[in-house]
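Asker: Structure incoming, see below.
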Amino acid sequence: MDEMFQLSQSQLKFLNKPYRRALLQAPELSTRLCIVLGPRGIGKTTALAQHLVDQVGGDVLSREILYVQADHFLIRNRHLYEIAEHFVNLGGRVVCFDEIHKYPEWSMELKSMTDTFPELKILASGSSALEIYRTSHDLSRRAVQKQVWGLSFREYLELSLDVRLSTYALEQILSEHATISQQIVDRLAPRKVLALFNDYLRHGYYPFFFAEPNEAIFQQILNQNLLATLESDLVAVHPALTGNSIKRIDRLLRVLSTSVPFIPDLKKLTELTEIGDQRTLKTYLKLLEDSGLTRSLLRASKGLRTMEKPEKIYLNNPNLIHAFAAKVDRGTLRECFFLSMLAPLHEVLAPEKGDFLVNGTHVFEIGGRKKTFDQIKETKQGYLALDDMEHGFGSRIPLWLFGFLY
């Protein structure tokens with residue numbers, strides 16, 4: 476185990492960054508078995524490493540914690556259960572298995588650990604596409620899922636400017652936005668919130684930008700992550716996918732990227748992507764969303780079920796639009812930003828009139844500062860989320876302020 480501890484301590488020293496995201500306070504992380512899910516590059520590994528270190532008062536050399544990279548070559552010929560057993564026998568309390576989806580029989584081993592070592596707290600991270608409740612070993616009664624998303628605009632500001640800013644509930648923003656926006660603008664002065672917002676749209680969703688703050692390199696890494704998600708993560712979770720399947724899914728994503736938000740014509744889409752039938756196409760669309768590459772907007776319910784046709788398909792966040800889309804349209808960026816900030820915390824659907832229906836009651840139209848209420852004038856709880864304005868009034872709310880929901 477000495478080699479395992481040395482590797483763990485080395486990685487924890489590197490990953491234990493000063494900035495702590497609010498997700499570290501999530502109650503799910505305190506359960507006996509928590510599996511943290513999310514797309515590549517959004518900071519799962521760093522957050523889990525920080526959580527480990529915080530459990531022992533910041534002592535990265537403590538042997539009560541252990542970080543295990545499940546796809547590391549040192550782990551290749553060892554069972555995770557065996558590692559956990561030795562760790563517990565040496566007084567270990569909290570273990571983290573990172574990239575768990577790349578380890579064969581991961582669900583069986585986690586189940587066995589949970590059943591055998593009641594004193595051991597287990598954290599694991601995996602791909603967004605990881606389907607815990609469909610695994611052959613029943614983890615549904617044992618594991619708690621924690622879905623993680625990228626940086627909000629607020630978190631981006633905190634990390635880039637070394638300031639502390641409050642979060643606000645949606646109802647607070649709707650009713651008190653004039654006061655809140657003034658407080659934030661004053662706090663950021665002399666820096667301009669709209670300029671910072673534009674920076675966020677280009678590179679602020681993924682924390683790894685701060686390791687190498689160069690937009691060209693950032694977009695190159697995003698493209699590499701895309702390939703790794705399709706060719707490695709998806710195949711690890713769905714081994715039945717063939718090389719041809721992955722090529723078709725990649726082609727599907729490229730087609731979607733040429734016109735976002737994409738309004739699906741399933742028949743035409745099957746022809747463009749050379750996917751055999753609409754049932755397979757819908758399955759591939761679901762895999763793209765589960766992998767954190769796209770977001771689907773439905774009229775009927777939240778999330779994309781295998782047999783449902785989405786009203787619109789967006790790339791997951793504005794940074795992906797800048798990296799992948801053939802043409803960057805400001806209107807699409809606005810809608811994508813709004814959806815990426817609201818969807819993690821609220822039900823967001825496509826209304827009959829307007830752009831988004833939130834929680835079944837609030838209708839939002841997204842646009843520039845000159846946008847009018849014409850499209851939603853008959854809506855009782857209608858709001859305009861507007862770009863290019865620091866402060867709003869009445870039901871006209873600055874778009875950037877929705878980046879303070881988390």
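Residue numbers (the numbering used here): 476 to 881. The C-beta atom is built at its ideal place from N, Cα and C for all residues, glycine as well. A quick note: this is a predicted structure, and the numbers were derived from the prediction, not measured.
For the region 655 to 662 against the region 699 to 712, do three or more pairs of beta-carbon atoms, one drawn from each stretch, fall closer than 8 Å, so that the two count as touching?
Answerer: no
Asker: What residues in its chain sit with their C-beta under 7 Å from that of Lys519, if we drop five residues either side in the sequence?
Answerer: For the purposes of this step, residue 519 is taken as the residue at position 44 of the sequence shown. Same-chain partners within the cutoff: Val511, Gly513, Ser600, Val623.
Asker: Among the residues of its own chain, which have a CB less than 7 Å from the CB of Phe670, if the five just before and after it don't count?
Answerer: The count along the sequence shown starts at 1 and reaches residue 670 at position 195. It is worth fixing the name first, because residue 670 is Ala in this sequence and not Phe. The answer is none, since no qualifying residue turns up.
Asker: Return yes when the Cβ of Leu763 is within less than 8 Å of the Cβ of Thr769, no when it is not.
Answerer: Here residue 769 is taken as the residue at index 294 of the sequence shown, counted from 1. Here residue 763 is taken as the residue at index 288 of the sequence shown, counted from 1. Cβ atoms of Thr769 and Leu763: closer than 8 Å.
Asker: Please list, in chain order, all residues of the same chain as His821 whose beta carbon is under 6 Å from its beta carbon, the five residues on each side excluded.
Answerer: Taking the sequence shown and counting its residues from 1, one reaches residue 821 at position 346. For His821, where only same-chain residues beyond five positions count, the Cβ hits under 6 Å are Val833, Asn834.
Asker: Could you check whether Ile597 and Leu585 sit closer than 8 Å to each other, using their CB atoms as the reference points?
Answerer: Translated into positions along the sequence shown, residue 585 becomes position 110. Translated into positions along the sequence shown, residue 597 becomes position 122. Yes, the Cβ-Cβ distance between Leu585 and Ile597 is below 8 Å.
Asker: Where does Pro579 fall in DSSP's three states?
Answerer: The residue you call residue 579 lines up with position 104 of the sequence shown. If DSSP states are grouped into helix, strand and coil, Pro579 belongs with coil.
Asker: Note the first and the last residue of the continuous alpha helix (DSSP H) segment covering Tyr643.
Answerer: The count along the sequence shown starts at 1 and reaches residue 643 at position 168. Following the DSSP letters along the chain, one finds Tyr643 in no alpha helix (DSSP H), marked with neither H nor E.
Asker: I need the DSSP call for Asp637, collapsed to helix, strand or coil.
Answerer: For this step, residue 637 is matched to residue 162 along the sequence shown. Correct three-state label for Asp637: coil.
Asker: Where does Met476 fall in DSSP's three states?
Answerer: Working through the sequence shown from its first residue, we reach residue 476 at position 1. Three-state result, Met476: coil.
Asker: Give the DSSP-derived three-state secondary structure of Phe683 in the structure shown.
Answerer: Residue mapping note: residue 683 aligns to position 208 of the sequence shown, counting from 1. If DSSP states are grouped into helix, strand and coil, Phe683 belongs with the helices.
Asker: Give me the Cβ distance between Gly857 and Val838, rounded to the nearest whole Å; I'm assuming they're in contact under 8 Å.
Answerer: Indexing the sequence shown from 1 puts residue 857 at position 382. Indexing the sequence shown from 1 puts residue 838 at position 363. That belief holds up - the Cβ atoms of Gly857 and Val838 are roughly 5 Å apart, short of 8 Å.
Asker: Contact between the region 620 to 638 and the region 732 to 745: three or more CB pairs below 8 Å?
Answerer: no
Asker: By a C-beta neighbour count over all protein chains shown, 10 Å radius and 16 as the cutoff for buried, is Gln486 buried or exposed?
Answerer: In the sequence shown, the residue the question calls residue 486 occupies position 11. It counts as buried.
Asker: How big is the Cα-Cα spacing for Thr786 and Leu874?
Answerer: Mapped onto the sequence shown, residue 786 falls at position 311. Mapped onto the sequence shown, residue 874 falls at position 399. Looking at the sequence itself, residue 786 is Glu, so the reference to Thr does not match. In a straight line, the C-alpha of Glu786 is about 22 Å away from that of Leu874.
Asker: If you follow the alpha helix (DSSP H) that Leu598 is in, where does it begin and where does it stop?
Answerer: What you label residue 598 is simply residue 123 of the sequence shown in a count that begins at 1. Residue range 596 to 601 is occupied by the beta strand (DSSP E) that includes Leu598, with no alpha helix (DSSP H) assigned at that position.
Asker: What residue range is occupied by the uninterrupted beta strand (DSSP E) comprising Thr769?
Answerer: Locating residue 769 in the sequence shown gives position 294, counting from the first residue. 769 to 772 is the extent of the beta strand (DSSP E) around Thr769.
Asker: Are Val569 and Glu606 touching if we call contact CB-CB under 8 Å?
Answerer: If you number the sequence shown from 1, residue 569 lands on position 94. If you number the sequence shown from 1, residue 606 lands on position 131. It is not a contact, given that the beta carbons lie outside the stated cut-off.
Asker: Using DSSP with H/G/I as helix, E/B as strand and the rest coil, what is Ile517?
Answerer: Looking up residue 517 in the sequence shown gives position 42. Coil at Ile517, not helix or strand.
Asker: Tell me whether the beta-carbon of Asp765 lies closer than 8 Å to the beta-carbon of Ser635.
Answerer: On the sequence shown, position 290 is the one that residue 765 refers to. On the sequence shown, position 160 is the one that residue 635 refers to. No, the pair does not count as a contact, with Cβ atoms beyond the cut-off.
Asker: Starting from the C-beta of Asp863, find all residues in its chain whose C-beta is less than 8 Å away, skip the five residues before and the five after it, and write them out in chain order.
Answerer: Sequence index remark: in the sequence shown, residue 863 carries index 388 (1-based). Excluding positions up to five away in sequence, the list reads Leu669, Gly843, Arg844.
Asker: Report yes or no: do the region 539 to 559 and the region 570 to 580 share at least 3 C-beta pairs separated by less than 8 Å?
Answerer: Flag = yes, the region 539 to 559 and the region 570 to 580 touch.
Asker: Considering only the beta carbon of each residue, do Asn794 and His678 sit closer than 8 Å?
Answerer: Taking the first residue of the sequence shown as 1, we reach residue 794 at position 319. Taking the first residue of the sequence shown as 1, we reach residue 678 at position 203. In contact: Asn794 and His678 (Cβ atoms closer than 8 Å).
Asker: If we count the other Cβ atoms within 10 Å of its Cβ and call it buried at 16 or more, is Leu499 buried or exposed?
Answerer: By 1-based counting over the sequence shown, the position of residue 499 is 24. Per the 10 Å Cβ criterion, exposed.
Asker: Going along the chain, which residues of its own chain have a beta-carbon closer than 8 Å to the beta-carbon of Leu555, five neighbours each way excluded?
Answerer: Within the sequence shown, the letter at position 80 stands for residue 555. Closer than 8 Å at Cβ, skipping near neighbours: Val543, Ala545, Phe572, Tyr578, Trp581, Glu584, Leu585, Met588.
Asker: On the premise that Ile796 lies in contact with Leu731, defined as a C-beta separation below 8 Å, what is that separation, rounded to the nearest angstrom?
Answerer: Taking the first residue of the sequence shown as position 1, residue 731 is located at position 256. Taking the first residue of the sequence shown as position 1, residue 796 is located at position 321. With 8 Å as the limit, Leu731 and Ile796 do not qualify as a contact, their Cβ atoms being about 11 Å apart.
Asker: Do Leu626 and Pro688 have their CB atoms nearer than 8 Å?
Answerer: The count along the sequence shown starts at 1 and reaches residue 626 at position 151. The count along the sequence shown starts at 1 and reaches residue 688 at position 213. Note that the C-beta distance between Leu626 and Pro688 is not below 8 Å.
Asker: Would you call Ser483 buried or exposed, if buried means 16 or more other Cβ atoms sit within 10 Å of its Cβ?
Answerer: What you label residue 483 is simply residue 8 of the sequence shown in a count that begins at 1. That one is buried.
Asker: Kindly identify the DSSP beta-bridge partner or partners of Phe831.
Answerer: By 1-based counting over the sequence shown, the position of residue 831 is 356. Bridge partners of Phe831: Phe839.
Asker: Near Ile930, which residues of its chain fall below 8 Å by C-beta distance, leaving aside the five closest residues on each side in sequence?
Answerer: No information on residue 930 is available, as it lies outside the stretch 476 to 881 that the chain covers here.
Asker: Relative to the C-alpha of Leu727, which residue among Pro714, Leu705, Ala711 is closest?
Answerer: Reading the sequence shown from its first residue, position 252 is the one you call residue 727. Here the closest residue by C-alpha is Leu705.
Asker: Kindly list the residues whose CB is nearer than 6 Å to the CB of Gly806, restricted to its own chain and excluding five residues on each side of it in sequence; keep chain order.
Answerer: In the sequence shown, residue 806 corresponds to position 331, counting from 1. For Gly806, where only same-chain residues beyond five positions count, there are no Cβ hits under 6 Å.
Asker: Could you check where the alpha helix (DSSP H) with Tyr694 kicks off and where it finishes?
Answerer: Within the sequence shown, numbered from 1, the residue matching residue 694 stands at position 219. This sequence places Gln at residue 694; Tyr is not what is there. From DSSP, the alpha helix (DSSP H) with Gln694 extends over 690 to 703.
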